[in-house]
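The listed protein sequences derive, respectively, from chains A and B. Read in our numbering, the first sequence has 283 at position 279, and its numbers run on one by one without any break. Read in our numbering, the second sequence has 228 at position 130, and its numbers run on one by one without any break. Read the structure below first, then the notes.
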Amino acid sequence: MDVRLSEEQRMLAATAAAVAASIGVRQPAELETFDVDRAWSRLARTGVLALGVPDAEVDEEAGTLHLALVAEQLARHAVPAPYLGSAGLATSLLAACDRSDDLLKSLADGEVRATVCLTADLSSIAEVQSGDAIAYDALGVHQVLAITTDGAVMAREARGLAEAVQFDPTRLALALKADAADGRLAGWSACGRVSAEFMQRWRARALALVCADMVGAMQGALDLMVSYAKVRRQFGAPIGSFQAIQHLCADQAVHVEAARSYLWFAAWAADREPPEEALRAAASAKAYCSDVARRVGEACVQVHGGIGITWECQVHLYLKRLLVDAVLLGDAVDQLERLASQRYGGQGLRQVDRTERMEA
Amino acid sequence: MDYNDSPDEARFRADLRRFLAETVPQFPAPTTVEERKQTRQRWHQALHAAGYVGVSIPARFGGHGMAPVYEAILNEEVGRSRGPELPRATGYLARALALYGTAEQREAYLDGFISGRALWCQGFSEPDAGSDLASLRTTAISDGDAYVLNGQKVWNGGADYADYCFLLCRTDPGAEKHSGLSVLLIDMKTPGVLARPIRKISGRPDFAEIFFTDARVSASSRLGAEGQGWEIAMSTLSYERGPSDAGFIAKYQSLLEDVDAAFRNGRLRSFPGASRQLARAHVIVEALLRHVQRSLSARDPEVPPGPEASIDKLLMTKTEQELLHIITELTGSHAWLDDDDLQNNYVWSRAASIYGGAEQIQRTIVAQRVLGLPRK
Numbered sequence: 005m006d007v008r009l010s011e012e013q014r015m016l017a018a019t020a021a022a023v024a025a026s027i028g029v030r031q032p033a034e035l036e037t038f039d040v041d042r043a044w045s046r047l048a049r050t051g052v053l054a055l056g057v058p059d060a061e062v063d064e065e066a067g068t069l070h071l072a073l074v075a076e077q078l079a080r081h082a083v084p085a086p087y088l089g090s091a092g093l094a095t096s097l098l099a100a101c102d103r104s105d106d107l108l109k110s111l112a113d114g115e116v117r118a119t120v121c122l123t124a125d126l127s128s129i130a131e132v133q134s135g136d137a138i139a140y141d142a143l144g145v146h147q148v149l150a151i152t153t154d155g156a157v158m159a160r161e162a163r164g165l166a167e168a169v170q171f172d173p174t175r176l177a178l179a180l181k182a183d184a185a186d187g188r189l190a191g192w193s194a195c196g197r198v199s200a201e202f203m204q205r206w207r208a209r210a211l212a213l214v215c216a217d218m219v220g221a222m223q224g225a226l227d228l229m230v231s232y233a234k235v236r237r238q239f240g241a242p243i244g245s246f247q248a249i250q251h252l253c254a255d256q257a258v259h260v261e262a263a264r265s266y267l268w269f270a271a272w273a274a275d276r277e278p279p280e281e282a283l284r285a286a287a288s289a290k291a292y293c294s295d296v297a298r299r300v301g302e303a304c305v306q307v308h309g310g311i312g313i314t315w316e317c318q319v320h321l322y323l324k325r326l327l328v329d330a331v332l333l334g335d336a337v338d339q340l341e342r343l344a345s346q347r348y349g350g351q352g353l354r355q356v357d358r359t360e361r362m363e364a
Numbered sequence: 099m100d101y102n103d104s105p106d107e108a109r110f111r112a113d114l115r116r117f118l119a120e121t122v123p124q125f126p127a128p129t130t131v132e133e134r135k136q137t138r139q140r141w142h143q144a145l146h147a148a149g150y151v152g153v154s155i156p157a158r159f160g161g162h163g164m165a166p167v168y169e170a171i172l173n174e175e176v177g178r179s180r181g182p183e184l185p186r187a188t189g190y191l192a193r194a195l196a197l198y199g200t201a202e203q204r205e206a207y208l209d210g211f212i213s214g215r216a217l218w219c220q221g222f223s224e225p226d227a228g229s230d231l232a233s234l235r236t237t238a239i240s241d242g243d244a245y246v247l248n249g250q251k252v253w254n255g256g257a258d259y260a261d262y263c264f265l266l267c268r269t270d271p272g273a274e275k276h277s278g279l280s281v282l283l284i285d286m287k288t289p290g291v292l293a294r295p296i297r298k299i300s301g302r303p304d305f306a307e308i309f310f311t312d313a314r315v316s317a318s319s320r321l322g323a324e325g326q327g328w329e330i331a332m333s334t335l336s337y338e339r340g341p342s343d344a345g346f347i348a349k350y351q352s353l354l355e356d357v358d359a360a361f362r363n364g365r366l367r368s369f370p371g372a373s374r375q376l377a378r379a380h381v382i383v384e385a386l387l388r389h390v391q392r393s394l395s396a397r398d399p400e401v402p403p404g405p406e407a408s409i410d411k412l413l414m415t416k417t418e419q420e421l422l423h424i425i426t427e428l429t430g431s432h433a434w435l436d437d438d439d440l441q442n443n444y445v446w447s448r449a450a451s452i453y454g455g456a457e458q459i460q461r462t463i464v465a466q467r468v469l470g471l472p473r474k
């Protein structure tokens, strides 16, 4: 066992951190002038857009971890560009297809951005034939992807899709309305097929990457609350010198580090473990991160006091990103239900309860 | 990054499992103080004979000089085998003796200590010196070639049957509080030294206290220089955190196995969301496991762990307490009626946020020394 980042992985994280700091959002007002094309070309130049494409020349068995290291840094600086959606979820899905697609190449090169359509409750990837969907993390995307029940990956243009109302100002959501009965497949074209096993692995990777976004946003929130506690003065002293504030911040540091440790395992498992174990690890990490994410986001508001609930203060960017991440691809309840049904099935009910159920 | 055992680690684990499968059944849970002492000693000696004591302690300190991850494997497997607790404090005592001891002291104590021939206890806390350890008042006043000891120590696990005590006491009552301290290596049979077991709220005697009344010990029992006590205690003690956490995790995992079995057999309460609660218990224990694996991998056996170790301690405490909340809730009234083991585990979980530096002290360390928040 050796749970350390390699020298190259540490360099990747450092590079991502530098780019993220330069394209990141420090004030909510900057969101209005954010130039996604410019940010994207910065990212493309560092090569991080192609990390989801298997490449024999680099460590192929660490794709998810590499994507996670970058996603973490971008979330830490509240970057609105769709790295999670495009370089993470969409690119990985296309890379898992049985045939090579032009779209995959343009995604990896940074010429095109795409994201994945989720079910209306955001709990899983959407199927083309089923109801309304939301393309999440869709700022400046050209294409959106979905799957079909029989394992085809489909793409369509994002142009013409309306913005969906949502809470998190650092990421754009697009609404897809279910079409009338006959025309549902109109506008979609097939990119290839993915096996059920690959799909399981993709789900594990996707969950791990959402965890990475949460770990980054949690770290951003922690950085923010600590630096504010050092400069904000009350009673003639920085509030960060008061034990009540110190202990609140210390608890958040514990949450962030534990979440990061779980993320590393989930990301490693997504590439290296059999699909079932990969998915179990990712679901477990997602359950854990979703729980602590809210605590960290809320503590950040609390340390800021009144200013923390104003639009001008960047605290809400992290809080909202964390709250939405917590439900993306299933919240803690969803993950725990999945884990519980795998572990216990219908067991654990007392005889009397079973009888009552059968009678009911 | 790799969470799997390397070939060497896998071999070490396989040999260890074989050893534990043969050995652990010879160690039933002790009931009396005398049995506890014998069990502890026999267990230590069995481990030592098989090469499992001082695994990660550098060879020059009497250990095997392996990477800390082997210590984690040892803790994990012993926990899984449900064998007795591993000998505690191995690392810091060996290090302290090796770094600060005279040739005579090393000769006299190191081998007996590593091999388990002699049992040691630790004399640090006092009734009025808990979190504020440096305010301790047990005195050792120089009198010719001897020290005369007076005072009281508390929370000294095993002191009621130990052979020796690693004692932190005040040799210069006039000096500033941190600089007036020294470490003495005390024979527990010295006249004027009296150890008494302390009964915990579980009813079990897991701790002891020690009284010193004009106890005379030779000046040669001092470790290091006069006034060097705080440095010795702090620099060597910090090595103790880490691998032992892996042992706790194995204990939690065994606990979860039992609860899972009881749940599947319908022996636990059933209410909406019960299985989800149990799934959550697995998740929080795994979070701790992954975190400890990461901490251990980052650890250099030659460098004492920094203030980040307090994050690990806080996480461990939080996990253990939440785990016991979930288990007692699922167990229901039986937890407080007839489940003696569960009651004991619950009581220990409350001690977790007190021993080794209270939770509040750990939070202050993280806030000031990890996050850099200002001191008052």
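Just so it is clear, CB atoms sit at the ideal spot from N, CA and C, and this is done for glycine as well.
Boundaries of the alpha helix (DSSP H) harbouring residue 109 of chain A: 106-113, taken from the DSSP string. Secondary structure of residue 254 of chain B (DSSP, three-state): coil. Chain B places a beta carbon closer than 8 Å to that of residue 69 of chain A, counting this residue as a contact. Straight-line spacing of the CA atoms in residue 290 of chain A and residue 338 of chain A works out to 10 Å. Taking C-alpha positions only, residue 216 of chain A is separated from residue 162 of chain A by approximately 26 Å.
In the DSSP assignment, residue 248 of chain B is bridged to B/237. The Cβ-Cβ distance between residue 265 of chain A and residue 388 of chain B falls below 8 Å. Taking every protein chain shown into account, the CB of residue 332 of chain B has fewer than 16 other CB atoms within 10 angstroms, so this residue is exposed. The three-state reading of DSSP puts residue 288 of chain B in coil, since its state is none of H, G, I, E or B. For residue 328 of chain B, the enclosing alpha helix (DSSP H) stretches over residues 327-335. Not a single CB atom of chain A sits nearer than 8 Å to the CB of residue 346 of chain B. Residue contact with chain A for residue 453 of chain B: absent (no Cβ-Cβ distance below 8 Å to any residue of chain A). Among the residues facing chain A, residue 423 of chain B is not included, as its CB has no counterpart in that chain under 8 Å away. Ranking B/453, B/457 and B/422 by CA distance to the CA of residue 443 of chain B puts B/422 first. Taking a cut-off of 8 Å for Cβ pairs, the segment 43-54 of chain A and the segment 77-89 of chain A touch, as three or more such pairs fall below it. By the Cβ criterion, the segment 269-280 of chain A is in contact with the segment 197-208 of chain A, since at least three pairs of Cβ atoms, one from each stretch, lie closer than 8 Å.
With three or more CB-CB distances shorter than 8 Å, the segment 23-43 of chain A counts as touching the segment 306-320 of chain A. A straight-line Cα-Cα distance of about 31 Å links residue 198 of chain B and residue 458 of chain B. DSSP places residue 92 of chain A within a helical segment (H, G or I) once states are collapsed to three. Taking 9 Å as the Cβ-Cβ cut-off, the segment 312-343 of chain A approaches chain B at 336, 337, 339, 340, 341, 342 and 343, given in chain order. Here residue 120 of chain A carries a strand assignment [DSSP, helix/strand/coil].
Among the residues facing chain B, residue 240 of chain A is not included, as its CB has no counterpart in that chain under 8 Å away. With a cutoff of 8 Å on beta-carbon distance, residue 315 of chain B and residue 282 of chain B are scored as near each other.
For a Cβ distance threshold of 7 Å, residue set 471 and 472 of chain B lies close to residue 234 of chain A, ordered along the chain. Residue 251 of chain A belongs to the set of residues whose beta carbon lies under 8 Å from a beta carbon in chain B. For the segment 372-405 of chain B, the set of residues with a beta-carbon nearer than 9 Å to any beta-carbon of chain A comprises 372, 373, 374, 375, 376, 377, 378, 380, 381, 382, 384, 385, 386, 387, 388, 389, 390, 391, 392, 393, 394, 395 and 396, in chain order. Classified as buried, residue 378 of chain B has 16 or more neighbouring CB atoms from the shown chains inside 10 Å of its CB.
Residue 173 of chain B is not a Cβ neighbour of residue 221 of chain B, given a cutoff of 8 Å. Using a 10 angstroms sphere on the CB of residue 305 of chain B, the tally of other CB atoms reaches 16 or more, which defines it as buried.
The beta carbon of residue 148 of chain B lies closer than 7 Å to those of 117 in the same chain, with the five residues before and after it left out. The Cβ of residue 351 of chain B sits no closer than 8 Å to any Cβ of chain A.
Here DSSP, grouped into helix, strand and coil, assigns residue 223 of chain B to coil.
Taking each of A/173, A/211 and A/19 in turn and checking the Cα distance to residue 77 of chain A, the smallest one comes out for A/19. Rounded to the nearest whole angstrom, the C-alpha separation of residue 25 of chain A and residue 308 of chain A is 22 Å. Counting only residues of its own chain and dropping the five nearest sequence neighbours on each side, residue 157 of chain B has a CB closer than 8 Å to the CB of 163. DSSP links residue 148 of chain A through a beta bridge to A/119 and A/160.
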